[in-house]
Amino acid sequence: MPGRAACLETALAAEPAPYQRGTIVAIAMTFSSPVQHALDHVCETHYTLQSDGSKLPQTSAPEIIATMLDLLQVAPGQRVLEIGTGSGYSTALLSHLVGDTGHVTSIDIDADLIHRAEQRLRADGYTNVTLHPGDGATSAVDRPLDRIIAWASLEHIPDAWARQAVPGAIMVTPVFVTELAKTFLVVRVHRGEHDRALTADRFLQAGFVEASSYVLDQWIVPPRRVDALTHRADGRPWWLSAPWLRSGGGDNGRELLHQLQTVGRQATGPLGDQDDAADFYAYLLATRPDGLTTAALGEPLWRIGASTPAGIALITPRQAHHQLAAGDHSATELLTTWARQWRDQGKPGLDRMRAVLRHGRDGWTVRPALTMDRPACRSRPTG
Ligand SMILES: C[S@@+](CC[C@H](N)C(=O)[O-])C[C@H]1O[C@@H](n2cnc3c(N)ncnc32)[C@H](O)[C@@H]1O
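Right, here's the structure in full:
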């Protein structure tokens, strides 16, 4: 493979991208030797650093990229479609993994990013990559695909992917698993050997920006499924996503946000020190998809919880020893009940879930479901 651009010393001082790293809840720490080899040979900062030394916001954490590339099981000679070129770092890793006999097609909705990544990939000598501006959920590629990977969360797995994938192809993508903002999981999906049916065998929790059919200029308010939005005096947006707000409850939502801002109270959360908040979150995704509330209060950190017309209680998906609550105690009691039911069922987490795929109008929806089976493997939470 071609020679690599030298890594910049300034990389050591670079700040993490603002909306990615804080959201990791389960990643691998060691990688297969092809992925490790690619990591060793591609200079991350050549792609991710901007001219002022800051990190490009559209950059995923290298540990998440490597974990997902391991799930993808890329081999030399394969044809790969990547959705969400971003910095181009993952594109370079994929290019390295498929080698001179393979090919990577990479698509990003942002034409400026495509141009930027193209310059860096060319400077690094990669010739087995084609970049296109466009919407990766609908774009067609002029070659059959062995592997597909996305770095932005999709509503469902598009039919276009299943049509272009060869029998046995593997796809790895973040995908929404409820109708609530921010509730997605990374899933690994296989196309059947004899038909276009898809099956899934792995989940991973990691944070991503939502896929969008236009270029986003901020990442704090999700582009879809926000049911109540207010702005604080300092201009920061606070939002709520909850199914019950969709039937005319928008005013209720804004009132709950107002209460959180003015009389929100910190309280003991529903979990204790021995409990894993990431497992509780996975359980809620599988068992309470219509009862949950998601929210962000003016910061990239987002929260989950319960809400009713009279009250709201929020924890974070990584930390449930504390909660922020407002109004009466109805929502706090709901969260406490859910936590008791989770404990009664043996505290199941992602390792006790299977993915249920259903074919709909434009693609395959993915929903986690609890299983009593033991998992084949488990991703370790990193704390
Ligand atoms: C997390 S960044 C990609 C990270 C990148 N692969 C890296 O190497 O770090 C997500 C990217 O997805 C892009 N994106 C969002 N919606 C998209 C869509 N519908 N089609 C293609 N790209 C999309 C965004 O513009 C953004 O660059």
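Counting in the numbering used here, the sequence shown runs from 2 upward without gaps.
The C-beta atom is built at its ideal place from N, Cα and C for all residues, glycine as well.
Since this is a predicted model, take the numbers as computed values, not measurements.
task = Kindly identify the DSSP beta-bridge partner or partners of Gln320.
result = What you label residue 320 is simply residue 319 of the sequence shown in a count that begins at 1. Gln320 is bridged to Thr317.
ask   = Buried or exposed: which applies to Thr24, given that a residue is buried once 16 or more other Cβ atoms fall within 10 Å of its Cβ?
value = For the purposes of this step, residue 24 is identified with residue 23 of the sequence shown, where counting begins at 1. Model confidence at Thr24 stands at a pLDDT of 33, short of 50, so the residue's coordinates are unreliable; what they give is reported in the following sentence. Buried, by the Cβ-count rule.
task = Kindly list the residues whose CB is nearer than 6 Å to the CB of Glu194, restricted to its own chain and excluding five residues on each side of it in sequence; keep chain order.
result = What you label residue 194 is simply residue 193 of the sequence shown in a count that begins at 1. So the qualifying residues of the chain are Pro168 and Gly169.
inquiry  = Helix, strand or coil for Thr92? Go by DSSP, reduced to three states.
reply    = Here the question's residue 92 lines up with position 91 in the sequence shown. Thr92: helix per DSSP, three-state reduction.
ask   = Based on Cα-Cα distance, which residue from Val36, Phe177 and Pro318 lies nearest to Phe185?
value = On the sequence shown, residue 185 is found 184 positions in, with the first residue counted as 1. Selected option, being the one with the closest Cα: Phe177.
inquiry  = Contact between the segment 149-158 and the segment 117-127 is defined here as three or more beta-carbon pairs at a separation below 8 Å; is this criterion met?
reply    = no
ask   = Cβ of Val264 within 7 Å of Cβ of Ala327?
value = In the sequence shown, the residue the question calls residue 264 occupies position 263. In the sequence shown, the residue the question calls residue 327 occupies position 326. Yes. Within cutoff.
key: One or two residues paired with Arg233 in a DSSP bridge   = In the sequence shown, residue 233 corresponds to position 232, counting from 1. Per DSSP, none; premise fails for Arg233.
ask   = Heavy atom of ligand 1 less than 6 Å from the Cβ of Gln275, yes or no?
value = In the sequence shown, the residue the question calls residue 275 occupies position 274. No, the Cβ of Gln275 stays beyond 6 Å of every heavy atom of ligand 1.
ask   = Does the Cβ of Leu351 lie closer than 6 Å to at least one heavy atom of ligand 1?
value = What you label residue 351 is simply residue 350 of the sequence shown in a count that begins at 1. Outside the cutoff, so no.
query = Based on the DSSP secondary-structure assignment, which residues constitute the bridge partners of Asp109?
reply = What you label residue 109 is simply residue 108 of the sequence shown in a count that begins at 1. Pro134, per the DSSP bridge assignment.
task = Quick one: using the 10 Å Cβ neighbour count with 16 as the cut-off for buried, is Thr11 buried or exposed?
result = Indexing the sequence shown from 1 puts residue 11 at position 10. Residue confidence for Thr11 is low, a pLDDT of 29 falling below 50, so the modelled location carries little weight; the figure read from the coordinates is stated next. The residue in question, Thr11, is exposed, as its Cβ has fewer than 16 Cβ neighbours within 10 Å.
message = Comparing C-alpha positions only, which one of Gly361, Thr372 and Leu246 sits nearest to Ile313?
response = Working through the sequence shown from its first residue, we reach residue 313 at position 312. Looking at the Cα atoms, Leu246 is the closest of the given residues.
request  = Note down, one range per segment and in chain order, each beta strand (DSSP E) of at least 3 residues found wholly within the segment 202-271.
outcome  = 229-232, 238-242 and 266-269
inquiry  = At the level of alpha carbons, what is the spacing between Leu40 and Ala93?
reply    = The sequence position of residue 40 within the sequence shown is 39, counting from 1. The sequence position of residue 93 within the sequence shown is 92, counting from 1. Spanning the two alpha carbons is a distance of roughly 10 Å.
Nonlocal neighbours in the same chain, by C-beta distance under 6 Å from Val187, ignoring five residues either side = Walking along the sequence shown from the start, residue 187 turns up at place 186. Contacts found: Pro175, Leu205 and Ala207.
task = Compare the beta carbon distance of Thr60 and Gly87 with 7 Å and say whether it is the shorter of the two.
result = The residue labelled residue 60 in the question sits at position 59 within the sequence shown. The residue labelled residue 87 in the question sits at position 86 within the sequence shown. Cβ atoms of Thr60 and Gly87: closer than 7 Å.
ask   = Which partner residues of Gly328 appear in the DSSP bridge assignment?
value = On the sequence shown, position 327 is the one that residue 328 refers to. Partner(s): Gly312.
inquiry  = Please give the ranges of any alpha helix (DSSP H) in the segment 36-64, keeping only runs that are unbroken, at least 4 residues long and fully inside the region.
reply    = 45-49
query = If we ignore side chains and look at the alpha-carbon of each, how far apart do Ile158 and Val367 end up?
reply = Along the sequence shown, read from residue 1 onward, the residue named residue 158 stands at position 157. Along the sequence shown, read from residue 1 onward, the residue named residue 367 stands at position 366. For Ile158 and Val367, the distance between alpha carbons rounds to 8 Å.
message = According to DSSP, simplified to helix, strand and coil, what is Val178?
response = The count along the sequence shown starts at 1 and reaches residue 178 at position 177. Val178 falls in the coil class under three-state DSSP.
ask   = Pairing CB atoms from the segment 257-273 with CB atoms from the segment 318-335, are three or more of them under 8 Å?
value = yes
inquiry  = Taking 8 Å as the cut-off, does the segment 55-74 touch the segment 134-144 (at least 3 CB pairs, one atom from each stretch)?
reply    = No, the segment 134-144 does not touch the segment 55-74.
request  = Below 8 Å on the Cβ atoms is my guess for Ile171 versus Leu73; work out the distance and round it to an integer in Å.
outcome  = Taking the sequence shown and counting its residues from 1, the one referred to as residue 171 is at position 170. Taking the sequence shown and counting its residues from 1, the one referred to as residue 73 is at position 72. Confirmed, Cβ separation roughly 6 Å.
Assigned exposure category for Ser52 - 16 Cβ within 10 Å defines buried = As a first step, residue 52 must be located in the sequence shown, where it is residue number 51. Exposed, because fewer than 16 other Cβ atoms sit within 10 Å of the Cβ of Ser52.
query = With 16 as the cutoff for other CB atoms within 10 Å, does Ala112 come out buried or exposed?
reply = As a first step, residue 112 must be located in the sequence shown, where it is residue number 111. Its Cβ having fewer than 16 others within 10 Å, Ala112 is exposed.
ask   = Alpha carbon to alpha carbon, how far is Ser331 from Ala243?
value = Residue 331 sits at position 330 when you count from the first residue of the sequence shown. Residue 243 sits at position 242 when you count from the first residue of the sequence shown. Ser331 and Ala243 have their alpha carbons spaced roughly 15 Å apart.
key: Residue span of the alpha helix (DSSP H) that contains Arg164, given as start and end   = Counted from its first residue, the sequence shown places residue 164 at position 163. First-last of the alpha helix (DSSP H) with Arg164: Asp160 to Gln165.
task = Determine contact between the segment 229-240 and the segment 286-293, defined as no fewer than three beta-carbon pairs at a distance below 8 Å.
result = no
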